[in-house]
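Chains as they are written, first to last, in my numbering: chain F, 1 to 499; chain C, 1001 to 1299; chain E, 2001 to 2129. One structure is given below, encoded as structure tokens.
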Amino acid sequence: MTEFFINFPCFSIILALLASAVSTLLGKSAARRLTIIVCALIFCASLCTLYHVVCAGESVTYMMGHFPAPFGNEIRFGIFECIMAATFSLVMVLCVIGGAGSVIERIGGFRQNLYYIMADLALASLLALTYTNDIFTGYVFVEICTVAACGLLAARNSGKSISAAMRYMIFSLIGSGLLVLGIIFLYGITGHLLFPQLKESVASLWASGQYRIPLTAALCLLTIGPAIKSGLFPFHLWMPDTYSTALPGSAGILSGIISKGYIVFMMKLVFQVFGTEIFFESGISLIFLVFGICAMIFGSVGAIRAKSISRMNAYSSAAQIGYIYMGMGISAEIGMLAAALHIICHAVTKSAVFLSSGELIRVSGGKSDFFSLQGAGHRAKLAGVVFTVGAMSMVGIPLTMGFITKIYFARAGITADGMTLAVLLALAVSTVLNVVYFLKTMIRIYTPQKVGSQEHIVTGAPKGKMLAFSGLVLTVLNICLGLHCEPLVQLLRRGIEMI
Amino acid sequence: MKKDHKLVRMWKEGDWDLYENLNVYTGRPEKKNRKLSFPPAPMPETAKAQTRAFYRLFTVLAVVLCAVLASSLIISAAVMPQFGAVDAPAVNQVYLRYADRWLADTGATNIVAGVILNYRAFDTLGESHVLFAALCAVMLLLTDCRDDRKSITRHEPLFNPRKDVIITQVVKILIPLILVFGIYVVLNGHLSPGGGFSGGTIMGAAFILYAAAFGFEASERILSPRVNKILTAAALIFYSLIKSYSFYTGANHLESFITNGVPGRIVSAGLILPLNIAVGLVVCCTMYGMYSLFKRGRT
Amino acid sequence: MIHNILHNYLFWVSMIIFVIGIFMLALDRNLIKKIIGLNIMDTAAYLFLGSLGYIQGLSAPIFTGKTMGQTGSELFINPIPSALVLTGIVVSVSVTALLLALTVRLYKKYNTLNLDEIIEAAGKEEDDD
Chain F
1 MTEFFINFPC FSIILALLAS AVSTLLGKSA ARRLTIIVCA LIFCASLCTL YHVVCAGESV
61 TYMMGHFPAP FGNEIRFGIF ECIMAATFSL VMVLCVIGGA GSVIERIGGF RQNLYYIMAD
121 LALASLLALT YTNDIFTGYV FVEICTVAAC GLLAARNSGK SISAAMRYMI FSLIGSGLLV
181 LGIIFLYGIT GHLLFPQLKE SVASLWASGQ YRIPLTAALC LLTIGPAIKS GLFPFHLWMP
241 DTYSTALPGS AGILSGIISK GYIVFMMKLV FQVFGTEIFF ESGISLIFLV FGICAMIFGS
301 VGAIRAKSIS RMNAYSSAAQ IGYIYMGMGI SAEIGMLAAA LHIICHAVTK SAVFLSSGEL
361 IRVSGGKSDF FSLQGAGHRA KLAGVVFTVG AMSMVGIPLT MGFITKIYFA RAGITADGMT
421 LAVLLALAVS TVLNVVYFLK TMIRIYTPQK VGSQEHIVTG APKGKMLAFS GLVLTVLNIC
481 LGLHCEPLVQ LLRRGIEMI
Chain C
1001 MKKDHKLVRM WKEGDWDLYE NLNVYTGRPE KKNRKLSFPP APMPETAKAQ TRAFYRLFTV
1061 LAVVLCAVLA SSLIISAAVM PQFGAVDAPA VNQVYLRYAD RWLADTGATN IVAGVILNYR
1121 AFDTLGESHV LFAALCAVML LLTDCRDDRK SITRHEPLFN PRKDVIITQV VKILIPLILV
1181 FGIYVVLNGH LSPGGGFSGG TIMGAAFILY AAAFGFEASE RILSPRVNKI LTAAALIFYS
1241 LIKSYSFYTG ANHLESFITN GVPGRIVSAG LILPLNIAVG LVVCCTMYGM YSLFKRGRT
Chain E
2001 MIHNILHNYL FWVSMIIFVI GIFMLALDRN LIKKIIGLNI MDTAAYLFLG SLGYIQGLSA
2061 PIFTGKTMGQ TGSELFINPI PSALVLTGIV VSVSVTALLL ALTVRLYKKY NTLNLDEIIE
2121 AAGKEEDDD
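Shown next, in the form of structure tokens:
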């Protein structure tokens, strides 16, 4: 019976693509409902597939077409891929539900179903990136993801969001250009496009030393390309403008899952194309470690200096991406495990933070600077609670999932040879910096306003129920995972061995 | 018409400034209170000196970084396996299988069509959806945010060309030829160079030429926004459904009822012909839709 | 070695063009030039990819029926790079269309094509919808 579940990943990708095509013909509320139903179905499907793979004990390779590995396309999924797909679809459905209110309010008429088409395409491409076993398929779906992310950003018609979308596209396309060049170099020296064959060829080329220069160039390009796209340290400059001008739902989708999709794709490249030995031998891991630490520090410093809550959240995202890259750079077992855990934690937490910030901004007259936000926690109680729990998770306070991931980062740091002091110091410093800006914000939103100060106009109609639902679900998930994370950790550990 | 002639005469004589009166003529309200302030305010001297020093440092670093990137890429490319070598890594078992057994596997005489629509069909599925995604994103950006049909139709005369005799007569002869050629390229995708993408572009070009020569009213009678939308969606849905059947039967090692037929005939090569037609329709509608969006802000 | 490098002129020339394109995309201030740079970069990448498929002495991968008993691997060049380039060109066109639409919107709003001026003007204006 569970044998049938191996068809689900292929069906999920096709279902998401179909939903996007069908949404052109539907009205706006029908398109929204279709997106929500499809994302929920894909979430259930990923859980079923996860169950099957856990029972089977090894990853499943699924032929896309009638021809086996090097002659046709394939997708491959193990525990890691299924967990990531489940996370992406869950966060997508909650962001669409929670962001629906602001979409109805800000985007008019038939452009709403264009927004949901972009969301469906983003989910389809993220699933394809997670499941792919072929490097060129990965590139094509990376491009779909880029176009869909730009569409989600530019849906809001203000000049600021369009100029932010332009900057995002420029950075993203530089990353894509380097990625495609890496793929071309790799094809030139190996002649293969599918991961298993690529891994054999790359291992033999590395051992023999033939074509060492193009191979190193391909390795650099294939790791730096997705790193640029997901916003690692010097390339995070697009984040503050982009996340602060996007709709709350879009910001949640972009920061929560789209940047993580590129990181998951790169993790698959590292494990299944180059192999962790080459990755750590060549020194790229050291570059990730250094830039990750810089991102943690500079992102947190930027967040402290930010003048509005959305820019603060954006810089905080840049810092959290730095954590993930630092984890990837430390070691192949615990470091990658910590990075994978943090991907899930950040996806769940950041989307909750962006959705609740959107609500807090709405009850403060549409202004996002800290002065206007005073007392917002009392005006929108549930949003304040969701934001508080999210902030606690970002900092790493016990009872939330952020605490668990920080423990694993520390454990990974202890096993790092040579860089232990730097890693632990960076963790400590960034935690302190996180506390500074999140505590400041929490105090701000819970300080009651002085009597007689400016009346706050609540802009727009409240779509409270949907936002409350997603905020609550994300918060509850966060706390549950914070209390009882062992099963997930064990699953991920097995998953990473299986990749 | 008379009013136009009077205005043109006044403009030629210099009595009427076109730019100043643009808002009045089109009836669009002039946007007041634009909170923009450029050119930017001039910087104080100390700030200028600091920025100059920063820009010098930035320029030096940028040049060094660019030189490193450029030289590493050029050197890596120069030491690649020799161009055209028979023993290059790319000439491996995959190439041998495609080159020797493609006719039995796919039934198409055009090997590249067999590769993109049979061996690696998943890539092409993604590729058609990139085109569709770009069309939707351009629609999001360029269509009017208010659903104000009135404001759109008032601008129509500006976008419709005057009926020029030379253009209309030449286009009347050319368009049937272009369309037939486009359809030929799509239908022969599996037999000769061509396929859905190139044929679809040619067909789209025919429609664009028609809209450019005769105006959008005429071209909308054939390819109205509604037809455009329905065609694109139907073609993409057809592609996804057919390919999911192919993936399902392939992965579960079932026999699919689609045969490869006799190579060289039009109706052969299994699914490649229907997929080419679907892709051709998607590309044609997308090209025309993008032209329409860029020209007048709606499909 | 030098002979090899000279023989591979297509590869490193396409890299020079790629580098020109990516620097235009990243460093130029005019939006239209950035889009042109993107196109140059993509075209150079696909030139590189397409030239990887060539095999000396063989011809295009279309079966014309005049094989005279030779197997495919003695007649046709590698079809895979051609297929990948087909996909890549479509992706490049789609992204160019998207960027051009963004440029049109930005120009209509801010009346300038200089990215610095646009960012400065956007930073100053208030959040309006």
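We treat Cβ as the ideally placed atom computed from N, Cα and C, and that holds for glycine. Predicted, not measured: the structure shown is a model, and the values here were computed from it.
C-beta contact flag for F:V429 and F:I287 at 8 Å: Not in contact: F:V429 and F:I287 (Cβ atoms no closer than 8 Å).
Contact set between F:L181 and chain E, taken where Cβ atoms lie within less than 8 Å: F2018, A2045 and F2048
Distance between F:P398 and F:I407 (C-alpha atoms, nearest Å): 10 Å
Nearest to F:I144 (by Cα), restricted to the options C:G1114, C:E1217 and C:V1130: C:V1130
Separation of F:A468 from F:E81, as counted between CA atoms: Taking the CA atoms as reference points, F:E81 sits about 29 Å from F:A468.
Cβ-based contacts, 7 Å cut-off: residues of the stretch 48-75 of chain F near chain C: Y62, M63, M64, G65, H66, F67, P70, F71, G72 and N73
Chain-ordered neighbours of C:T1217 on chain E, where CB pairs are closer than 9 Å: Before going further, note that residue 1217 of chain C is Glu rather than Thr in the sequence given. Those do not exist, as C:E1217 stays about 23 Å from chain E at its closest Cβ, beyond 9 Å.
Local Cβ density within 10 Å of C:Q1050, reported as buried at 16 or more and exposed below that: C:Q1050 comes out exposed.
C:C1285 to C:T1059 span [Cα, whole Å]: 46 Å
Per-residue DSSP class, three states only, for C:V1165: Note: C:V1165 maps to helix in three-state DSSP.
Cβ-Cβ distance between F:Y323 and F:H342 below 8 Å: yes
F:I213 versus C:V1079: straight-line alpha-carbon distance, rounded: Going from the Cα of F:I213 to the Cα of C:V1079 covers about 8 Å.
Distance between F:N7 and C:I1242 (C-alpha atoms, nearest Å): Taking the straight line from one Cα to the other gives about 15 Å.
Chain F contact for C:F1058 (CB, 8 Å cutoff): no
Whole-angstrom C-beta distance between C:A1134 and E:V2085, which should lie under 8 Å: Not confirmed; about 18 Å, so no contact.
Pair within 8 Å by beta-carbon distance, F:N313 and F:F371: no
Residues near F:I75 in its chain [Cβ-Cβ closer than 7 Å; skip 5 each side]: P9, C10, Y62, M64, Y131, T132 and N133
Min CB distance C:G1250 to chain F below 8 Å: It does; some Cβ of chain F falls within 8 Å.
Short CB-CB distance (under 8 Å) between C:W1102 and chain E: yes
Cβ-Cβ distance between E:Y2110 and F:G159 below 8 Å: yes
C:V954, enclosing beta strand (DSSP E) - first and last residue: For residue 954 of chain C there is no data in the structure shown, the boundaries of chain C being 1001 and 1299.
Spatial distance of C:D1147 from F:Q112 (CA atoms): Note that C:D1147 scores a pLDDT of 47, beneath 50, so its modelled location is shaky and nothing firm can be said.
Secondary structure of C:T1153, DSSP reduced to three states: Any answer about C:T1153 is weak, because its pLDDT of 47 lies below 50 and its placement is not dependable; what the coordinates show is given next. C:T1153 falls in the helix class under three-state DSSP.
Test item: CB-CB of C:S1292 and C:A1211 under 8 Å: yes
Three or more C-beta pairs below 8 Å linking the stretch 1098-1117 of chain C and the stretch 1267-1282 of chain C: The stretch 1098-1117 of chain C vs the stretch 1267-1282 of chain C: in contact.
Any 3 or more C-beta pairs closer than 8 Å across the stretch 172-188 of chain F and the stretch 208-222 of chain F: yes
Where C:D1147 falls: helix, strand or coil (DSSP): Low confidence applies to C:D1147: its pLDDT is 47, below 50, so where it sits in the model is not reliable enough to give any reading.
Short CB-CB distance (under 8 Å) between C:V1063 and chain E: It does not; no Cβ of chain E falls within 8 Å.
Nearest neighbour of F:V529, chosen from F:L421, F:S46 and F:A319 [CA to CA]: Lying before the first or after the last residue shown, residue 529 of chain F is absent from chain F, which here runs from 1 to 499.
Supposed close pair F:Q193, F:I278 - CB separation, criterion 8 Å: The sequence shown places Leu at residue 193 of chain F, not Gln. Not quite, the Cβ-Cβ distance comes to about 19 Å (not below 8 Å), so this is no contact.
Other residues of its chain near F:F185: CB distance less than 6 Å, five sequence neighbours each side excluded: The beta carbon of F:F185 sits closer than 6 Å to the beta carbons of P214, A217 and A218 from its chain, once the five residues preceding and following it are set aside; these are given in chain order.
Opening and closing residue of the alpha helix (DSSP H) in which F:R76 lies: Where F:R76 is concerned, there is no enclosing alpha helix (DSSP H), although the beta strand (DSSP E) it sits in stretches over N73 to F77.
Proximal residues of chain F, C-beta to C-beta of C:Y1119 below 8 Å: The contacting residues are G65, F67, F71, G72 and N73.
Chain C residues whose Cβ lies nearer than 9 Å to that of E:R2105: Contact annotation for E:R2105 against chain C: L1141 and L1142 [CB-CB distance below 9 Å, chain order].
Extent of the continuous beta strand (DSSP E) to which F:M315 belongs: Sequence inspection shows Tyr at residue 315 of chain F; the Met mentioned does not correspond to that position. Note, F:Y315: premise wrong, no beta strand (DSSP E); alpha helix (DSSP H) at I309 to I330.
F:G329 burial status per 10 Å Cβ neighbour count (16 or more: buried): buried
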